[in-house]
Amino acid sequence: MTPFQESTLVEAMMSVRGQIDFLWQFFVSVHIALFALLLLYDHAVDGLNAIAKLFAAAGIAAFEWINGNALINAYRLLDAMQEQFRWSFGQPDRFHPLFYERFVLASYGDRPEMVLMTHSAALVVILLAFVSRRFIQSRSKRSSVRDAV
Numbered sequence: 004m005t006p007f008q009e010s011t012l013v014e015a016m017m018s019v020r021g022q023i024d025f026l027w028q029f030f031v032s033v034h035i036a037l038f039a040l041l042l043l044y045d046h047a048v049d050g051l052n053a054i055a056k057l058f059a060a061a062g063i064a065a066f067e068w069i070n071g072n073a074l075i076n077a078y079r080l081l082d083a084m085q086e087q088f089r090w091s092f093g094q095p096d097r098f099h100p101l102f103y104e105r106f107v108l109a110s111y112g113d114r115p116e117m118v119l120m121t122h123s124a125a126l127v128v129i130l131l132a133f134v135s136r137r138f139i140q141s142r143s144k145r146s147s148v149r150d151a152v
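So the sequence shown is numbered by the numbering used here: it starts at 4 and just counts up by one.
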């Protein structure tokens, strides 16, 4: 078995970290668009029938599942790479103590739970907004029309 070269492994770790950053940016961008739709264009959402809302909710749930699994798998791969790096190259006397603590000893084993929590919470908030408009509106449209008169 040919051992990894240190630079190759570090480069692969940085590549996986870049993929994780991209997946989080994609998650945030999609949710900004969804929340804008729900908050700013609520009349468009109100106009959807039950089947359209069901398909929209299913599409959002599918996105959460796909993006969440991609993030979880990337974090697991990164954690395995970190473990390989520690095993192959992680001698403490080779590194500055702070770098050793924050890079060599870095662990991503708890990140899948964090992804599950954030994606589940985002899905619940969006589904609640679809089911109940009062969840995101402080007052009904009728009362805001009465207040304007």
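Where is the CB? At the ideal position from N, CA and C, for every residue including glycine. What you are looking at is a predicted structure, and each value in this text was computed from that prediction instead of being measured.
- Nearest Cα to residue 109 within the set 76, 85 and 70: 85.
- In the displayed model, residue 85 falls within a helix according to three-state DSSP.
- In the three-state reduction of the DSSP assignment, residue 108 falls in the coil class, being assigned neither a helical nor a strand state.
- Residue 131 places its beta carbon 8 Å or farther from that of residue 60.
- The straight-line gap separating the alpha-carbon atoms of residue 50 and residue 93 is approximately 59 Å.
- Note on residue 43: under 16 other CB atoms within 10 angstroms of its CB, so exposed under the neighbour-count rule.
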